[in-house]
Amino acid sequence: SANIGRRHKPHRQQLKPSKPWRSKGERGKMGQESSLPMIDESTPTQTLESRTLESVAKLLKEGRFRRVVVMTGAGISTSAGIPDFRSPDTGLYANLARLNLPYAEAVFDISYFRNNPLPFYTLAQELYPGKYRPTITHSFIRLLYEKGLLLKLFTQNIDCLEREAGVPGEMIVEAHGSFARQSCIECHSIYPDDLMHKAIRDKEVPRCLKETCGGLVKPEIVFFGEQLPADFFRNKELPAAADLCIIMGTSLSVHPFAGLPQYCSDSVPRLLINQEQVGTLGSRTDDVLLLGDCDVGVRRLAAACGWLEELEELWQQTAPTKEVESKEKKKKSKDEQLEDEVEKLTKEVEQTLKLSENQHKWLETHVDRKIAQIKEESTQ
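Start counting the sequence shown at 1; every next residue gets the next number (our numbering).
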């Protein structure tokens, strides 16, 4: 990203570290006015029958919307379990705190990374793709693509969950970069995926493979002090060609991403699925606000379109394989495995017996004997 961006000199926007460190609640309100603009309810709509989810769904179902632009932020990945590295409630934050960062965001500061890449790679172990399952919101974006309705997805997220849900890379503008590729920060040569995966797994800091270079390697995530990808600037006016814009899980507080919804024509419906009202959404005649959880919101939209079954099937495809589930099972402690075995045994016996009073006594004796046997095996 940084390599590409430097060749586009007219675009000088850079991510900058935030100065004061705010609480999580304060960060959610960053960049918003205390009273956001709202359209007068008596104002007639231009495209929708009414400012409701059902009206949006009706036109989607009828094929009236064929060029949907989606914009997403961290809120669509929350239910996947991806930790907020700045939240004091996570073990991840505690790990970073032990590394004596001057401020939390230093982990994404390019100058700091050059001098000390270890904090970033500590964080990368938690965020690297493959560890988390896409949410049903990610699968909804895939559904729009499968139906030929997705014009482009703009995301602030670096987690690659859209790709893992099956949205092709060419349909995505990763405004802040992602873990999809990695390169040397000096000579910009691409670093192999398998070696990056190994470095993350082995808790090592990867370096350029070129003997004449040996520079630090980092994923093509936009750090503070770096320019945004050229791909963002090539596509930023694309929302002007949309006939529907869906914004999900973002506070719209980081520019220039925050300005994307403004490119939509005034008559184009803008649907916000988010915990709170953000930006200027709600100020236009065809803005629809669906405030609350993103996963709940997309299920409601899919149901209103008659697509819920298709959506659930697509999401099911992202479920962990049996091999992954087997690995998760191995992570359980012996006590947890013992409890699971006892519960399974009890259920099996109950299913095969119609329990009379005498059979209850037999069951208790049988289970006690089995528990003793399992305990003995687990201590060996």
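We put the CB at the ideal spot given by N, CA and C, even for glycine.
In its own chain, which residues sit with a C-beta less than 7 Å from the C-beta of L53, not counting the 5 before and 5 after it? Position 53 of the sequence shown, counted from the first residue, corresponds to residue 53. Taken in chain order, the residues that qualify are V288, L290, R300, L301, A304.
Which runs of the alpha helix (DSSP H), 4 residues or longer, sit entirely within the region 246-328? 294-305, 308-316
Check the DSSP bridge columns for T135 and list the partner residues they point to. Residue mapping note: residue 135 aligns to position 135 of the sequence shown, counting from 1. BP columns for T135 are empty, so no partner.
Return the CA-CA distance between F223 and E105, expressed in angstroms with no decimal places. Along the sequence shown, one-based indexing puts residue 223 at 223. Along the sequence shown, one-based indexing puts residue 105 at 105. Answer to the nearest angstrom: the Cα atoms are 10 Å apart.
I'd like the span of the beta strand (DSSP E) that includes E220, first residue to last. As a working mapping, residue 220 is identified with position 220 in the sequence shown. Residues 217-221.
With distance defined between alpha-carbon atoms, name the residue in V298, A372, Y191, V205 nearest to N274. The sequence position of residue 274 within the sequence shown is 274, counting from 1. Minimum Cα distance to N274 is reached at V298.
For K198, which of helix, strand or coil comes out of DSSP? By one-based count along the sequence shown, residue 198 stands at place 198. It is helical.
Mapping DSSP to helix, strand and coil, what is M71? For the purposes of this step, residue 71 is identified with residue 71 of the sequence shown, where counting begins at 1. M71: strand per DSSP, three-state reduction.
From Q182 to F120, what does the alpha carbon distance come to, in whole angstroms? Here residue 182 refers to the residue found at position 182 of the sequence shown. Here residue 120 refers to the residue found at position 120 of the sequence shown. So the two alpha carbons sit approximately 14 Å from each other.
Measuring only the C-alpha atoms, how far is T75 from D194? Stepping through the sequence shown from its first residue, residue 75 is reached at position 75. Stepping through the sequence shown from its first residue, residue 194 is reached at position 194. Correcting the residue type first, residue 75 is Gly in the shown sequence and not Thr. If you take the alpha carbons of G75 and D194, they lie about 29 Å apart.
Q182 bridges to which residues according to DSSP? Locating residue 182 in the sequence shown gives position 182, where the first residue counts as 1. In DSSP, Q182 forms a bridge with P219.
By DSSP, does F224 sit in helix, in strand, or in coil? Residue numbering aside, residue 224 sits at position 224 when the sequence shown is read from its first letter. Note: F224 maps to strand in three-state DSSP.
Can you grab the Cα-Cα spacing for the pair R270 / M248, in whole Å? As a position in the sequence shown, residue 270 is number 270, starting the count at 1. As a position in the sequence shown, residue 248 is number 248, starting the count at 1. Taking the straight line joining both Cα atoms gives about 11 Å.
Could you please give the first and the last residue of the uninterrupted beta strand (DSSP E) stretch that includes V173? Stepping through the sequence shown from its first residue, residue 173 is reached at position 173. 172-174 is the span of the beta strand (DSSP E), which, as asked, contains V173.
Compare the Cα-Cα distances from E211 to each of E186, E220, D202, G225 and report the closest residue. Start at 1 with the first residue of the sequence shown, and residue 211 comes out as number 211. Selected option, being the one with the closest Cα: E186.
Quick check on Q389: buried or exposed, where buried means 16 or more other Cβ atoms within 10 Å of its Cβ? Limits of the chain in this structure are 1 at one end and 380 at the other, which puts residue 389 out of reach.
Just tell me which of M38, G166, T47 has its CA closest to the CA of L244. The sequence position of residue 244 within the sequence shown is 244, counting from 1. With distances taken between Cα atoms, L244 lies closest to T47.
Taking the alpha carbon of F257 as the reference point, which residue from E174, V296, K58 has its own alpha carbon closest? Within the sequence shown, numbered from 1, the residue matching residue 257 stands at position 257. With distances taken between Cα atoms, F257 lies closest to E174.
Assign E162 to one of two classes, buried (16 or more other C-beta atoms within 10 Å of its C-beta) or exposed (fewer than that). In the sequence shown, residue 162 corresponds to position 162, counting from 1. Its Cβ being crowded by 16 or more others within 10 Å, E162 is buried.
Determine whether the beta carbon atoms of P320 and V69 lie at a separation below 8 Å. Mapped onto the sequence shown, residue 320 falls at position 320. Mapped onto the sequence shown, residue 69 falls at position 69. Taking C-beta atoms as the reference points, P320 and V69 fail to come closer than 8 Å.
Give the straight-line distance between the Cα atoms of L59 and S253, rounded to the nearest whole angstrom. Within the sequence shown, the letter at position 59 stands for residue 59. Within the sequence shown, the letter at position 253 stands for residue 253. Their backbone Cα atoms lie some 30 Å apart in a straight line.
So, R133 versus A180, is the Cβ gap smaller than 8 Å? Counting from one through the sequence shown, the residue named residue 133 turns up at place 133. Counting from one through the sequence shown, the residue named residue 180 turns up at place 180. No, the Cβ-Cβ distance between R133 and A180 is not below 8 Å.
Find the nearest neighbour of D202 within the set I141, A372, Q125, L143, judged by alpha-carbon distance. Reading the sequence shown from its first residue, position 202 is the one you call residue 202. Restricting attention to I141, A372, Q125, L143, the CA atom closest to the CA of D202 is found in Q125.
Range of the contiguous alpha helix (DSSP H) that encloses K152: Indexing the sequence shown from 1 puts residue 152 at position 152. Element bounds for K152: not the alpha helix (DSSP H) but the beta strand (DSSP E), 150-155.
Span of the alpha helix (DSSP H) holding Q125? Taking the first residue of the sequence shown as 1, we reach residue 125 at position 125. 118-127 is the extent of the alpha helix (DSSP H) around Q125.
Nearest residue (CA-CA) to L260, options S178, H197, F154, R207: Position 260 of the sequence shown, counted from the start, is the residue given in the question as residue 260. Nearest C-alpha to L260: F154.
Hey, could you find the ends of the alpha helix (DSSP H) R53 is sitting in? Position 53 of the sequence shown, counted from the start, is the residue given in the question as residue 53. Per the sequence shown, the amino acid found at residue 53 is Leu instead of Arg. Counting along the chain, the alpha helix (DSSP H) containing L53 begins and ends at 53-61.
Say whether chain D places a C-beta atom closer than 8 Å to the C-beta of T72. Of the protein chains in this structure there is only one, and it is not chain D.
Contact under 8 Å by Cβ, I110 with G225: If you number the sequence shown from 1, residue 110 lands on position 110. If you number the sequence shown from 1, residue 225 lands on position 225. Going by C-beta atoms, I110 is nearer than 8 Å to G225.
Between the CA atoms of Q373 and G166 - distance to the nearest angstrom: What you label residue 166 is simply residue 166 of the sequence shown in a count that begins at 1. What you label residue 373 is simply residue 373 of the sequence shown in a count that begins at 1. Their backbone Cα atoms lie some 46 Å apart in a straight line.
Rounded to the nearest angstrom, what separates K61 and E276 at their Cα positions? As a position in the sequence shown, residue 61 is number 61, starting the count at 1. As a position in the sequence shown, residue 276 is number 276, starting the count at 1. Using only the alpha carbons, I get a separation of about 26 Å.
Grab the span of the alpha helix (DSSP H) containing D230 for me, first residue to last. As a working mapping, residue 230 is identified with position 230 in the sequence shown. Checking the sequence shown, residue 230 turns out to be Ala, not Asp. Counting along the chain, the alpha helix (DSSP H) containing A230 begins and ends at 230-235.
Out of S189, D266, H176, K198, state which residue places its alpha-carbon closest to the alpha-carbon of Q227. Looking up residue 227 in the sequence shown gives position 227. The candidate whose alpha carbon is nearest that of Q227 is H176.
Counted within 10 angstroms of its Cβ, other Cβ atoms place R369 as buried (16 or more) or exposed: Position 369 of the sequence shown, counted from the start, is the residue given in the question as residue 369. Residue burial annotation: R369 is exposed, with fewer than 16 other C-beta atoms found within 10 angstroms of its C-beta.
Using beta-carbon positions only, say whether M38 and G282 come within less than 8 Å of one another. Position 38 of the sequence shown, counted from the start, is the residue given in the question as residue 38. Position 282 of the sequence shown, counted from the start, is the residue given in the question as residue 282. In this structure, G282 lies closer than 8 Å to M38 by Cβ.
Excluding the 5 residues preceding and the 5 following A382 in the sequence, name in chain order all residues of the same chain whose CB lies nearer than 7 Å to its CB. No answer is possible for residue 382: it lies beyond the span of the chain, which begins at 1 and ends at 380.
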